[in-house]
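Below is one structure, written out as structure tokens; the observations come after it.
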Amino acid sequence: MPELRKDPIVGRWVIISTDRAKRPTDFFREQFRIKGGFCPFCYGNEHKTPPEVQAYRPNNNGGTPQRDTPGWNVRVVPNKFPALGIEGDLSRQADGMFDRMNGIGAHEVIIETPDHTATLASLPAKRIEDVLWTFRDRILDLKKDRRFKYVLIFKNHGEAAGATLEHAHSQLIALPIIPIYVQEEIEGAKQYFIYKERCVFCDIIRQETEAGSRIVAENPDFVTLAPYAPRFPFETWILPKRHESAFENSSSPMFENLAKAIKTLLIKADRVLDHPPYNLVIHSSPVQEPNNDHYHWHIEFMPKLTKTAGFERGTGFHINPTPPEESAKFLREASVEDPVIVPIG
Ligand SMILES: [Zn+2]
Ligand SMILES: [Zn+2]
Numbered sequence: 046m047p048e049l050r051k052d053p054i055v056g057r058w059v060i061i062s063t064d065r066a067k068r069p070t071d072f073f074r075e076q077f078r079i080k081g082g083f084c085p086f087c088y089g090n091e092h093k094t095p096p097e098v099q100a101y102r103p104n105n106n107g108g109t110p111q112r113d114t115p116g117w118n119v120r121v122v123p124n125k126f127p128a129l130g131i132e133g134d135l136s137r138q139a140d141g142m143f144d145r146m147n148g149i150g151a152h153e154v155i156i157e158t159p160d161h162t163a164t165l166a167s168l169p170a171k172r173i174e175d176v177l178w179t180f181r182d183r184i185l186d187l188k189k190d191r192r193f194k195y196v197l198i199f200k201n202h203g204e205a206a207g208a209t210l211e212h213a214h215s216q217l218i219a220l221p222i223i224p225i226y227v228q229e230e231i232e233g234a235k236q237y238f239i240y241k242e243r244c245v246f247c248d249i250i251r252q253e254t255e256a257g258s259r260i261v262a263e264n265p266d267f268v269t270l271a272p273y274a275p276r277f278p279f280e281t282w283i284l285p286k287r288h289e290s291a292f293e294n295s296s297s298p299m300f301e302n303l304a305k306a307i308k309t310l311l312i313k314a315d316r317v318l319d320h321p322p323y324n325l326v327i328h329s330s331p332v333q334e335p336n337n338d339h340y341h342w343h344i345e346f347m348p349k350l351t352k353t354a355g356f357e358r359g360t361g362f363h364i365n366p367t368p369p370e371e372s373a374k375f376l377r378e379a380s381v382e383d384p385v386i387v388p389i390g
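Residue numbers are given in the numbering used here: position 168 of the sequence shown equals residue 213, and the series is strictly consecutive.
This is the structure we're talking about:
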């Protein structure tokens, strides 16, 4: 059973994976896993994953859907090597001066396409929309479990960004705690709201769309922008224009434009940065809390272009070599016309 342990100084929880304790040499072997070989996420290999949790199967020809068989667009399976376990209770305990609890959580994989060669960027917007619906359905299902306070959806694309399989997929982790980066954002947004009685994200959207210098793209429901103080070069956020605290509560018609906003950003990034590895996360309100006026859900896109080293790891203080006004300009001016991408320059 994995364990959650809390740092008593800054209050940060970490997952200690007791089941898969690694020896020093294991860390070096891992980097070879991604290349080639058998792919359990491919069409026809459905029996090679743990039994599916959910799938979209539009081509059933009216028959009864058969689980763990081909015919799907998007498929959700439990992670074969979960960071957290679904069974049991939290059993919060003191360990002397320290705090611990059982590593309870859900860890699922969302396989975004049956096609091994496709990427999220290359999928038609309609298929990206299916992936987003799947995210929403999984959050709505998992939030019924009162043990879970937070559901994080994230994507590691490319080996350097942490992907261990190259077949396009995202992951979901349901947690019994609120992760510290999200907590910091929520607290900051709450303070701003107490002071100004306005949502800080709504204010950012208003000011940035007027100024324009950090805007990457826009559609009727979403704005894509480089934040004023990004940690990483080409860090880019996608925000809903209308205030909404939780991703899963977004109104249905918005998913079409969210899919388009994601596709636009990924194609632009592929073009400007020559298919970079990246992480993408959805930041949303804690799942057991009602809608609120201070927090505003959004997507953070972080290409992996630099390595963080001693200074960043030791301080949480980032050195970003690319001003956001420049990264936004590059992305804004990049064409989205043809998803068959020829690297430039
Ligand atoms: Zn595959
Ligand atoms: Zn807002």
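Where a beta carbon is used, it is the ideal one built from N, C-alpha and C, also for glycine.
Just how far apart, CA to CA, sit residue i and residue j?
i, j, result
"arginine 74", "histidine 339", "The predicted position of arginine 74 is uncertain, since its pLDDT is 49 and thus under 50; a value taken from the coordinates is nonetheless stated next. Approximately 45 Å, taken between the alpha carbons."
"tyrosine 237", "histidine 161", "45 Å"
"arginine 287", "proline 265", "10 Å"
"isoleucine 218", "phenylalanine 180", "11 Å"
"valine 245", "alanine 234", "6 Å"
"valine 154", "glutamate 242", "39 Å"
"valine 98", "histidine 152", "11 Å"
"glutamate 174", "tyrosine 195", "23 Å"
"proline 221", "glycine 150", "7 Å"
"glutamine 76", "lysine 305", "With a pLDDT of only 44 at glutamine 76, under the threshold of 50, the placement of this residue in the model should not be trusted; the figure read from the coordinates follows. So the two alpha carbons sit approximately 33 Å from each other."
"leucine 129", "alanine 271", "33 Å"
"glutamate 253", "proline 103", "40 Å"
"cysteine 84", "histidine 212", "7 Å"
"proline 298", "tryptophan 178", "11 Å"
"serine 329", "cysteine 87", "30 Å"
"arginine 78", "arginine 358", "Because the pLDDT at arginine 78 is just 48, under 50, the model does not fix this residue reliably, and the value given afterwards should be weighed accordingly. Approximately 26 Å between the Cα atoms of the pair."
"arginine 145", "serine 167", "43 Å"
"serine 62", "isoleucine 131", "14 Å"
"proline 159", "asparagine 118", "6 Å"
"threonine 209", "glutamine 216", "12 Å"
"lysine 189", "glutamate 229", "25 Å"
"proline 335", "arginine 192", "16 Å"
"glutamate 293", "isoleucine 344", "13 Å"
"valine 341", "alanine 291", "At residue 341 the sequence reads histidine, which differs from the valine that was named. When rounded, the distance between both Cα atoms is 7 Å."
"phenylalanine 356", "phenylalanine 362", "7 Å"
"alanine 379", "alanine 262", "10 Å"
"tryptophan 58", "proline 110", "41 Å"
"alanine 100", "lysine 171", "16 Å"
"valine 176", "glycine 141", "44 Å"
"isoleucine 60", "isoleucine 225", "13 Å"
Helix, strand or coil, according to DSSP, for residue i in the structure here?
i, result
"tryptophan 58", "strand"
"glycine 233", "helix"
"lysine 374", "helix"
"proline 123", "strand"
"histidine 212", "coil"
"isoleucine 218", "strand"
"lysine 200", "strand"
"glutamate 357", "helix"
"lysine 194", "coil"
"arginine 50", "strand"
"isoleucine 239", "helix"
"alanine 379", "coil"
"phenylalanine 77", "Confidence is the limiting factor: at phenylalanine 77 the pLDDT is only 43, short of 50, which leaves the residue's position unreliable, though a coordinate-based value still follows. Of the three classes helix, strand and coil, the one that applies to phenylalanine 77 here is helix, per DSSP."
"glutamate 263", "strand"
"valine 268", "strand"
"tyrosine 101", "strand"
"isoleucine 223", "coil"
"cysteine 247", "helix"
"proline 369", "helix"
"threonine 94", "coil"
For a quick check, are the C-beta atoms of residue i and residue j less than 8 Å apart?
i, j, result
"isoleucine 249", "alanine 373", "no"
"leucine 310", "threonine 281", "yes"
"leucine 135", "asparagine 124", "no"
"valine 381", "lysine 313", "yes"
"valine 326", "leucine 197", "yes"
"proline 275", "proline 369", "yes"
"aspartate 113", "proline 96", "yes"
"histidine 92", "isoleucine 156", "no"
"phenylalanine 279", "threonine 164", "no"
"asparagine 302", "phenylalanine 346", "no"
"proline 53", "alanine 205", "no"
"lysine 349", "asparagine 365", "no"
"arginine 50", "valine 121", "no"
"glycine 89", "proline 115", "yes"
For residue i, would you say it is in contact with chain B, using Cβ-to-Cβ distances shorter than 8 Å as the test?
i, result
"isoleucine 60", "Among the protein chains of the structure shown there is no chain B, as only one such chain exists."
**Request:** Report the residue ranges of all beta strand (DSSP E) runs contained in full by the segment 271–355; include only those spanning at least 3 residues, in chain order.
**Result:** Contiguous beta strand (DSSP E) elements confined to the segment 271–355 occur at 281–285, 323–328, 343–348, taking only those with 3 or more residues.
**Message:** As an exercise, report each continuous alpha helix (DSSP H) stretch of at least 4 residues that is fully enclosed by the segment 105–190, in chain order.
**Reply:** DSSP assignment within the segment 105–190 yields the following whole alpha helix (DSSP H) runs of 4 residues or more, N-terminal first: 170–187.
**Any heavy atom of ligand 4 within less than 6 Å of residue CB: hits in chain order** = Only ligand 1 and ligand 2 can be found as ligands here, which leaves ligand 4 out of the picture.
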